[in-house]
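A short write-up of the structure that comes next.
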Amino acid sequence: MSRSDAPKPAPPLPEPLRVPVADSHTHLDMQDTSVPEALEAAASVGVTTVVQVGCDLERSRWAARTAAEHASVHAAVALHPNEAPRAPDLDAQLAEIEKLAALPQVLAVGETGLDYFRTGEEGIAEQQRSFREHIAIAKRLDKALVIHDRDAHEDVLRVLAEEGAPERTVFHCYSGDAAMAEVCAAKGYFMSFAGNVTFKNAQPLRDALAVAPAELVLVETDAPFLTPAPYRGRPNAPYLVPVTLRAMAEVKGMPEEALSEHVAANTARAFGY
Ligand SMILES: [Zn+2]
Ligand SMILES: [Zn+2]
């Protein structure tokens, strides 16, 4: 086995946050540890709530089930923009998503949105249709909308404006620049920052965070993806939220506790718990 193939050890537990916050976006079903283990590790460092996000029908069912079983887990359900064009019967699947979204432990419709990174021209129309349908479901059920936006900022903002955004809209793994953060702020959209805000090459993201109002900022892991520095390449999990939050507090020029208080209140407001 070459060095790069060796399994990388999990990062150590960070120092606990003094004010507890939520991981606003995670995928426990894609992580190596069991759900109780993941929740316990997170809670031990002050990450006392997680939003478990489904990316297809099966994983959305799993998210709803897991949120029903654990008080500290809330669910979001949707067909990911990369999944939507592949769905054999998009309308039937959307009807199932709407049923799940109506459950009380499901607080959001997402992740939906647009991803032009992997999708060719032929997938884009179906992605946009799926995105519009998810927006409609969120509005019908008065749930939060969780947006996945990869290389599609302009179209995401345009479709939201055309459809009329739900009352509570969250840009997960916010990836726009400072100018877009000002547009989101004016619309009252929440911006959730992930571990990539700590990456060396992510100055535009830190500039966006700097201008984002503290009242609209959330933190997330998007685990198992986007492990924050200095642990890049090792597995991510909700217990690593403090690493990202501390880097964010530095960007905001704010004491860690002050940012945690904002983030905790914002996440509860965004998801309505
Ligand atoms: Zn995403
Ligand atoms: Zn995700």
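Residue numbering for the sequence shown follows our numbering, beginning at 1070 and increasing consecutively. For every residue, glycine included, the Cβ atom is placed at its ideal position computed from N, Cα and C.
Boundaries of the beta strand (DSSP E) around A1213: 1213-1219. In chain order, P1154 place their CB closer than 6 Å to the CB of G1192, counting only its own chain and leaving out the 5 sequence neighbours on each side. For ligand 1, no non-hydrogen atom lies closer than 6 Å to the CB of E1284. In the DSSP secondary-structure assignment, Q1121 is bridged to T1095, A1144. The C-beta distance from H1149 to C1124 rounds to 4 Å, short enough to meet the 8 Å contact threshold.
If you check the CB distance, A1164 and K1212 do not come in under 7 Å. V1120 places its beta carbon 7 Å or farther from that of L1183. One thing to note: L1314 has its Cβ no nearer than 7 Å to the Cβ of N1265. Here E1319 carries a helix assignment [DSSP, helix/strand/coil]. The way I'd put it, the stretch 1075-1084 doesn't touch the stretch 1266-1282; fewer than three beta-carbon pairs between them come closer than 8 Å. The three-state secondary structure of T1336, taken from DSSP, is helix.
Here DSSP, grouped into helix, strand and coil, assigns E1223 to helix. Spanning the alpha carbons of R1201 and L1287 requires a straight line of approximately 24 Å. Remark: C-beta atoms of M1260 and A1281 approach each other more closely than 7 Å. When V1215, E1251, R1134 are compared, the shortest CA-CA separation from A1339 is found for V1215. Short note on E1180: C-beta closer than 6 Å to some heavy atom of ligand 2. Nearest neighbour of E1289 by Cα position, chosen from M1099, E1326, A1091, R1187, turns out to be A1091. The continuous alpha helix (DSSP H) containing V1280 extends over residues 1272-1280.
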